[in-house]
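First up is the structure itself, then whatever we jot down about it.
In UniProt numbering, the protein residues as written are 1 to 134.
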């Protein structure tokens, strides 16, 4: 089993796997489609790859949903779990590249086999925005 860690921000996604190493893509549908091609070209298929990312605001939704719809096992974890894991490893993450590697390592060590369970929010996100602004 291979593990792919994703460190997601508003505009970019840093990825890390033991096979491909580090890669940076745009957090757009075109960037994610390119990632899918890159994964398959390097032997990281949906049968042998588990993908893990943090639940970062709404930025993770596009990539997690797209990968899930393409058959990949995807775990979305609480950022505090990754932060706690980093502290246990005595690591201070300074870059997105290192964070992606840490997330992949977290998935491997914790064997995050929740696979293919991406839950939808109870309310649409625009509802939360309206609540916050009023």
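Cβ coordinates follow ideal geometry from the N, Cα and C atoms, glycine included.
The beta carbon of residue 20 sits closer than 6 Å to those of 42, all from its chain and outside the five residues before and after it, given in chain order. The continuous beta strand (DSSP E) containing residue 22 extends over residues 21 to 26. For residue 12, the enclosing beta strand (DSSP E) covers residues 12 to 17.
Taking C-beta atoms under 8 Å as the contact rule, residue 13 and residue 4 fail to qualify, at a distance of about 11 Å.
Taking 8 Å as the cut-off, the Cβ atoms of residue 22 and residue 107 do not count as close. Counted as a single uninterrupted DSSP element, the beta strand (DSSP E) harbouring residue 4 occupies residues 2 to 8. Taking the C-beta atoms as reference points, residue 2 is found nearer than 8 Å to residue 44.
Ranking 72, 70 and 29 by CA distance to the CA of residue 11 puts 29 first.
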